[in-house]
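Trainee: The sequence shown lines up with residues 4 to 645 when you count with this note's numbering.
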Amino acid sequence: MSPTDTAPASAAGTTTRPAPQAGPLSIAFGADPGPAGGVLARLTEWTARSPEAPAVLDGDRTWTYRQLAAAADEVADVLRDRVRPGDLVGVCLDRSAALVVTAVALARLGAVYLPLGPQPGERRVDAVAEDLAVVCLIGEPGRLPTRYRTADQVELPLPTAGVNAPAAAVAAFAGRGAEDRRTAPADAFYAVLTSGSTGRPKAVAVAEDALGTLLDWYRDETGLAPGDRHSLLIGVAFDPHVLELWAGLTSGAALVPAPDAVRWDAEVLTEWWREAAVSVAVAATPMVEPLLDRPWPAGLTLRHLVVGGDRMRRRPGPDVTATVHNAYGPAEATVLVTSYAMRGTDPEAGGEGAPPIGTPVPGVAVVVTGADGRPVARGEEGELCLGGRCLALGYLDPELTARRFTAPPEGVALPGVDRLYRTGDRVRMRADGRLDFLGRLDDQVKVSGVRIEPAEVEAAFEQDPAVRSAVVVAPRGQEGHTRLVAYVRPAAGAAPTADALLSVVRAWLPEQAVPSAVRIVDGFPLDANGKVDRAELLRRETAQDTGSGTAATDGAGNDEATAGERLVLGTVRDLLGRPQTTLADNFTAVGGTSLAAARLLAAIQRESGVRLRAPELLRQADLRAVAALVDARRAASMSGGA
4 MSPTDTAPAS
14 AAGTTTRPAP
24 QAGPLSIAFG
34 ADPGPAGGVL
44 ARLTEWTARS
54 PEAPAVLDGD
64 RTWTYRQLAA
74 AADEVADVLR
84 DRVRPGDLVG
94 VCLDRSAALV
104 VTAVALARLG
114 AVYLPLGPQP
124 GERRVDAVAE
134 DLAVVCLIGE
144 PGRLPTRYRT
154 ADQVELPLPT
164 AGVNAPAAAV
174 AAFAGRGAED
184 RRTAPADAFY
194 AVLTSGSTGR
204 PKAVAVAEDA
214 LGTLLDWYRD
224 ETGLAPGDRH
234 SLLIGVAFDP
244 HVLELWAGLT
254 SGAALVPAPD
264 AVRWDAEVLT
274 EWWREAAVSV
284 AVAATPMVEP
294 LLDRPWPAGL
304 TLRHLVVGGD
314 RMRRRPGPDV
324 TATVHNAYGP
334 AEATVLVTSY
344 AMRGTDPEAG
354 GEGAPPIGTP
364 VPGVAVVVTG
374 ADGRPVARGE
384 EGELCLGGRC
394 LALGYLDPEL
404 TARRFTAPPE
414 GVALPGVDRL
424 YRTGDRVRMR
434 ADGRLDFLGR
444 LDDQVKVSGV
454 RIEPAEVEAA
464 FEQDPAVRSA
474 VVVAPRGQEG
484 HTRLVAYVRP
494 AAGAAPTADA
504 LLSVVRAWLP
514 EQAVPSAVRI
524 VDGFPLDANG
534 KVDRAELLRR
544 ETAQDTGSGT
554 AATDGAGNDE
564 ATAGERLVLG
574 TVRDLLGRPQ
584 TTLADNFTAV
594 GGTSLAAARL
604 LAAIQRESGV
614 RLRAPELLRQ
624 ADLRAVAALV
634 DARRAASMSG
644 GA
């Protein structure tokens, strides 16, 4: 049954309009979306229509739509005298029933939801609070940044049971005036942080109409409806989280919060999909890729899997029973603007090469422009520019908004488009209108699906008085995975260590922006213009990756090393791009992330047949202990043991 058949009476269907005749130019339009339904209004209608239907399912715990509404009203009543419509509220909760209740409560207050994640970097939050008029932070008291632990706190009646639930929750008001700080623009529904070249994160504000238009398409595309279970899996600070949360609540479906362990292990993720009977999900590309390299799991209820955040390098095979959507979109254009659906029954199923990122979804106009800002012919490379109802209201910095959101080129017919967002992404439009993603035009990179400005990482290092200057480069390994490497020039008389510097910058940066390696140097190579020669630094990293640099020999190249030691150390070096890694190193201390852990566990199972769980990996003191576990399990298996 389609979502149109099950949606509330006010739901607006989508109607297809022919794209304007653009000839050979790289211009394409999504379908005319019609009027968007209000996001909160849809939730309210579902609550009235199916009050006892499950809104959040968490193991044996269920919160119905009626219970969700009552809990959100209770939280809104507590905050009503302190939080006004249009106020920015930072939310420091993880994927849980408490997070869902908070999002609904803020929407009912007319406040602007600013998801920051359960434990954001303290200095990062301080920088946000200095720039933006954040009225309060909502989170677990002991996990809030220091300044908010001693602030005026109001206890909130949020659920404290279930996956990732807080032990308690408060709204912490830091008590600073907002006169000189930026507020959200009128009509903002939510805001998210993106990486900023000034060293401080940028906040993007999105209107309810833009999100509602996307949700209308999403329901139509996936058939999301009552009886479905939609995962709540994406990291809270990552903008697709907003899509998955409201997609479930505006469809009469149930949200299922994901345990943290599934983020570390692709096989655990599929087991959880099966056990939780998830039927529609959103996931980051690096997490899904290992699943496509092995036989598709049997017994999944999963019907649609929307994948994005990084370039997909292969198509699903013919055994994949879910429709896989290769999606693309920046936060500045409301999560998702193009999509390409792939099914196991397609003639191209299992084919080599990257699939396209597809065609625009309803309400989106795409234009591929050349250096002169005008559309290029189809088949030519250029910068992807976006327009239409999808666009965010802009950054909370008006000057930055004026630079990135520009007027359309004169003389080009773009009906209904009064501004374009320059993505900085390099694409090519095929003759049939599908887009191929080719990379970035500027210094911005993606690490584990998250956009990172190297300049922001450099600025985080330069906050340390022991650092005179820093340069961050982003080499791509042989498997195509990007990592960050920081070159740091110490201040006069200072002798910082790489570990000490990394410890400091973790308070400023999200996990994906913390470099995998730090090189302490006396100076930087310069090009003919006297500028830092970043190409030379990249060349040096590439040389190390390919073995022409000096690498540590502990384990991987040692004839006396065990098979497990060679496998674990060699794989970690490849995954993290750190040839200096030794068996004495701890996995997370040398830059291991949740996505790197998933790839490491998959490689160990593929090469040795040993199935380790993420907690087992993370509990080990160093890589030698991980390798010993692999050797022991393999020996037990060969001798007929468990």
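Cβ atoms here follow ideal geometry from the backbone N, Cα and C, with glycine treated the same way.
#1: Starting from residue 287, follow its DSSP beta bridges and name the residues at the other end.
#2: Measuring straight from C-alpha to C-alpha, what distance separates residue 131 and residue 630?
#3: Helix, strand or coil for residue 515 per DSSP?
#4: Alpha carbon to alpha carbon, how far is residue 261 from residue 275? Give it in angstroms, no decimals.
#5: Below 8 Å, how does it come out for the region 305-322 and the region 361-372: are there three or more Cβ pairs, yes or no?
#6: Which runs of the alpha helix (DSSP H) spanning at least 4 residues fall entirely within the region 395-448, listed in chain order?
#7: State whether the region 346-360 contacts the region 390-410, with contact taken as three or more CB pairs (one from each stretch) at a distance under 8 Å.
#8: So what does DSSP say about residue 553, is it helix, strand or coil?
#9: In angstroms with no decimal places, state the Cα-to-Cα distance between residue 98 and residue 157.
#10: State the Cα-Cα distance for the pair residue 28 and residue 381, rounded to the nearest angstrom.
#11: Could you give the first and the last residue of the continuous beta strand (DSSP E) run that contains residue 257?
#12: Quick one: grab the DSSP three-state call for residue 464.
#13: Among 108, 619, 141, which has the Cα closest to the Cα of residue 123?
#14: Candidates 211, 636, 503: which alpha carbon is nearest residue 3's?
#15: With burial defined as no fewer than 16 other Cβ atoms inside 10 Å of the residue's Cβ, what is the status of residue 375: buried or exposed?
#16: Enumerate, from N- to C-terminal direction, the unbroken alpha helix (DSSP H) stretches of 4 or more residues contained entirely within the region 23-73.
#17: For residue 172, which option in 75, 369, 144 has the closest C-alpha, if you only look at C-alpha atoms?
#18: So the candidates are 437, 297, 505, 453; which of them puts its Cα closest to the Cα of residue 33?
#19: With DSSP as the reference, please indicate the residues paired to residue 158 in a beta bridge.
#20: Going by DSSP, what residue range makes up the alpha helix (DSSP H) through residue 277?
#21: Excluding five sequence neighbours on each side, which residues of the same chain lie with their C-beta closer than 6 Å to the C-beta of residue 566?
#22: Return the CA-CA distance between residue 4 and residue 503, expressed in angstroms with no decimal places.
#23: For the region 74-84 against the region 108-121, do three or more pairs of beta-carbon atoms, one drawn from each stretch, fall closer than 8 Å, so that the two count as touching?
#24: Buried or exposed: which applies to residue 632, given that a residue is buried once 16 or more other Cβ atoms fall within 10 Å of its Cβ?
#25: Considering only the alpha carbon of each residue, which of 519, 583, 570 lies closest to residue 596?
#26: Grab the span of the beta strand (DSSP E) containing residue 239 for me, first residue to last.
Mentor: Quick answer:
#1: If you number the sequence shown from 1, residue 287 lands on position 284. According to DSSP, which records beta bridges pairwise, residue 287 is partnered with 311.
#2: In the sequence shown, residue 131 corresponds to position 128, counting from 1. In the sequence shown, residue 630 corresponds to position 627, counting from 1. Roughly 42 Å separates the two Cα atoms.
#3: Taking the sequence shown and counting its residues from 1, one reaches residue 515 at position 512. In the structure shown, residue 515 sits in a helix (DSSP, three-state: H, G or I).
#4: Indexing the sequence shown from 1 puts residue 275 at position 272. Indexing the sequence shown from 1 puts residue 261 at position 258. Going from the Cα of residue 275 to the Cα of residue 261 covers about 8 Å.
#5: no
#6: 401-407
#7: no
#8: On the sequence shown, position 550 is the one that residue 553 refers to. Caution applies to residue 553, whose pLDDT of 40 falls short of 50 and renders its modelled position unreliable; the model cannot decide the point.
#9: Counting from one through the sequence shown, the residue named residue 98 turns up at place 95. Counting from one through the sequence shown, the residue named residue 157 turns up at place 154. Going by the C-alpha atoms only, they are around 21 Å apart.
#10: Looking up residue 28 in the sequence shown gives position 25. Looking up residue 381 in the sequence shown gives position 378. Answer to the nearest angstrom: the Cα atoms are 5 Å apart.
#11: Stepping through the sequence shown from its first residue, residue 257 is reached at position 254. That run of the beta strand (DSSP E) goes 257-260.
#12: If you number the sequence shown from 1, residue 464 lands on position 461. Correct three-state label for residue 464: helix.
#13: Numbered from 1 along the sequence shown, position 120 holds the residue referred to as residue 123. Per the Cα distances, 141.
#14: Lying before the first or after the last residue shown, residue 3 is absent from the chain, which here runs from 4 to 645.
#15: For the purposes of this step, residue 375 is taken as the residue at position 372 of the sequence shown. Flag for residue 375 reads exposed.
#16: 42-52
#17: The residue given as residue 172 occupies position 169 in the sequence shown. For residue 172, the nearest C-alpha among the options comes from 144.
#18: Residue 33 sits at position 30 when you count from the first residue of the sequence shown. Nearest option by C-alpha distance: 437.
#19: Residue numbering aside, residue 158 sits at position 155 when the sequence shown is read from its first letter. Paired residue(s): 173.
#20: Stepping through the sequence shown from its first residue, residue 277 is reached at position 274. Residue 277 -> alpha helix (DSSP H) spans 269-279.
#21: Reading the sequence shown from its first residue, position 563 is the one you call residue 566. Around residue 566: no qualifying Cβ.
#22: For the purposes of this step, residue 4 is taken as residue 1 along the sequence shown, with counting starting at 1. For the purposes of this step, residue 503 is taken as residue 500 along the sequence shown, with counting starting at 1. Note that residue 4 scores a pLDDT of 32, beneath 50, so its modelled location is shaky and nothing firm can be said.
#23: yes
#24: As a working mapping, residue 632 is identified with position 629 in the sequence shown. With 16 or more other Cβ atoms within 10 Å, it is buried.
#25: Along the sequence shown, one-based indexing puts residue 596 at 593. Residue 596 has its Cα closest to that of 519, out of 519, 583, 570.
#26: Sequence index remark: in the sequence shown, residue 239 carries index 236 (1-based). Premise fails: residue 239 is in no beta strand (DSSP E) and is neither H nor E.
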